[in-house]
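Here the structure is laid out as structure tokens; the discussion comes afterwards.
Residue numbers (our numbering): 24 to 539.
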């Protein structure tokens, strides 16, 4: 969701400054609303929408719901989130299917907005849901538009109706009408009509689109809009609403790097819901639009629900159960690891998945620098191993590792690092599968070894243990941790309180981690 990246950064920074205040004054609220207004305007959100949005946020922020809240700053963030959901359409709206098939879905929009690609994406998604879509090529104006739709349909595995060659030849209204009849005869339950676009709004475009709508009586008219076109998005949407009218909006190119905030204005200005969001060039890069989830992404609150849904689609439940059993019985091998990598790849881009986690906006640079090809390199190394080597990495001696490195186009160091990381990960997963607490690299065992007794600790103390007067330092030294490592582990989690723990505190911590 790179399109809203700048807006997300601005809003997150504004709320970060707000959270440092225990109580909000009217001046604090006005300053926050002013920063929100600037962020929205810089992101190309329509002025009318910005005024309405910031007015509602200010009124609610100065009301009783904030002044009486235990944490006023969090309450303001919640208000902004709710109002952002409102301008994005409020609730999710799904496609409406006809009671008597076929369901006719007409696509409208300017040239280059992504209608043809979206037609293929929608067809593929409908097929996954058990429908039988038919693509109808009614864009007979743009050069090679029919050929492009034919290629897209082939990639999506969908049928296509294209009786005319296009390139200015043929009657699009007749093709649309005949396409619906063809779908009815051949028992296709959904028809997707790809109409022509123009570089700008003109009377000829509107008349042609209106005639196709009249001839086919579509159940849905989806207006496909490029999320990167800026303020002109609102004017284009209004022109299509007046000339053709549409029942829903599709946001395309949300993976672009433009400001894209004008796309936030479409639902509010036209009163039509956003139904789909296109997030990439692949035919699988299409998501149902959830206003609440999109608002959470913009505010860097994450989108865990979408991440879970993608995981459920990509992962086989029986396979996951088999892997869990292998972990519990210490039989997890590099072959299983390779299968898990392949299932993760089915979910799509790792960058997108990481971006759905809460707080990842603060790690934007690290996510952008993440090399997606690292998974390919790991897969190449594992595939260069023999079945015996994958099942038992302990047999990997120097000559075997050299052969694997040459076979995968990597170095021996890369092979060594992979085997080492796999060993560490396997140990941690085995510990978790047994219900234990894993050891963290550089920190030792979290909470100590389960089952270690207090008598053992006393015995160590009497046989030359630490004599430090600081209970925390003494416990760390007896566990083999250096004082520097203790300080680093504390500061890494934002700890470092000047108050030292008492013996009672340490005893309570031991109970939590299962120590007797």
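Cβ coordinates follow ideal geometry from the N, Cα and C atoms, glycine included.
Within-9 Å CB hit, residue 85 to chain B: Included in the structure is just one protein chain, with no chain B present.
Residue 317 - containing alpha helix (DSSP H), residue span: Note, residue 317: alpha helix (DSSP H), 314-321.
Can you give the Cα-Cα distance for residue 53 and residue 104, rounded to whole angstroms? For residue 53 and residue 104, the distance between alpha carbons rounds to 17 Å.
Indicate the three-state DSSP secondary structure (helix, strand or coil) for residue 225 in the structure shown. Here residue 225 sits in coil by DSSP.
Same chain only: Cβ atoms within 7 Å of residue 239, ignoring 5 sequence neighbours per side: Sequence-distant Cβ neighbours of residue 239 in its own chain, meaning closer than 7 Å and more than five residues away, are 127, 129, 199, 200, 203, 216.
Among all the DSSP beta bridges, which residues are the ones paired with residue 213? The beta-bridge partner set that DSSP reports for residue 213 consists of 126, 156.
Say whether the region 169-187 touches the region 219-227, bearing in mind that this needs 3 or more beta-carbon pairs closer than 8 Å, one atom from each stretch. No, they do not touch.
Run the CB neighbour count on residue 235, radius 10 Å, all protein chains shown included, and call it buried at 16 or more, exposed below. Residue 235 should be labelled buried.
Quick one: is residue 310 buried, meaning 16 or more other Cβ sit within 10 Å of its Cβ, or exposed? Classification for residue 310: buried.
Secondary structure at residue 136, three-state DSSP: helix, strand or coil? Here residue 136 sits in coil by DSSP.
Pick from 415, 197, 150 that is closest to residue 360, judged by C-alpha positions: For residue 360, the nearest C-alpha among the options comes from 415.
What does a CB cutoff of less than 7 Å around residue 80 pick up in its chain, not counting 5 residues either side in sequence? Apart from the 5 residues on each side of it in sequence, residue 80 sits with its Cβ closer than 7 Å to the Cβ of 56, 59, 102, 103, 106 in its chain, given in chain order.
Can you tell me whether DSSP reads residue 431 as helix, strand or coil? In this structure, residue 431 counts as helix in the three-state DSSP scheme.
Just to confirm, is the Cβ distance from residue 293 to residue 267 under 9 Å? Contact: no.
Using beta-carbon positions only, say whether residue 174 and residue 158 come within less than 9 Å of one another. No, they are not a contact pair.
For residue 241, count the other beta carbons within 10 Å of its own beta carbon; 16 or more makes it buried, fewer makes it exposed. Which is it? Label assigned to residue 241: buried.
Counting along the chain, where does the beta strand (DSSP E) carrying residue 54 start and finish? For residue 54, there is no enclosing beta strand (DSSP E); the residue is part of the alpha helix (DSSP H) that begins and ends at 49-65.
Smallest Cα separation from residue 218: which of 77, 160, 265? Ranked by how close their Cα comes to the Cα of residue 218, the residues 77, 160, 265 have 160 in first place.
Drop a sphere of 10 angstroms on the beta-carbon of residue 314, count the other beta-carbons inside from all chains shown, and report buried for 16 or more, exposed for fewer. The C-beta of residue 314 has 16 or more other C-beta atoms within 10 Å across all chains shown, which makes the residue buried.
Tell me the residue span of the beta strand (DSSP E) that contains residue 247. Here the beta strand (DSSP E) through residue 247 covers 243-249.
Check for me: the beta strand (DSSP E) holding residue 183 runs from which residue to which? Residue range 182-184 is occupied by the beta strand (DSSP E) that includes residue 183.
Give the straight-line distance between the Cα atoms of residue 181 and residue 65, rounded to the nearest whole angstrom. Taking the straight line joining both Cα atoms gives about 41 Å.
Sort 51, 230, 108, 71 by Cα distance to residue 319 and report the nearest one. Scanning 51, 230, 108, 71 for the CA closest to the CA of residue 319 turns up 108.
Assigned secondary structure, residue 422 (DSSP; H/G/I helix, E/B strand, else coil): Helix.
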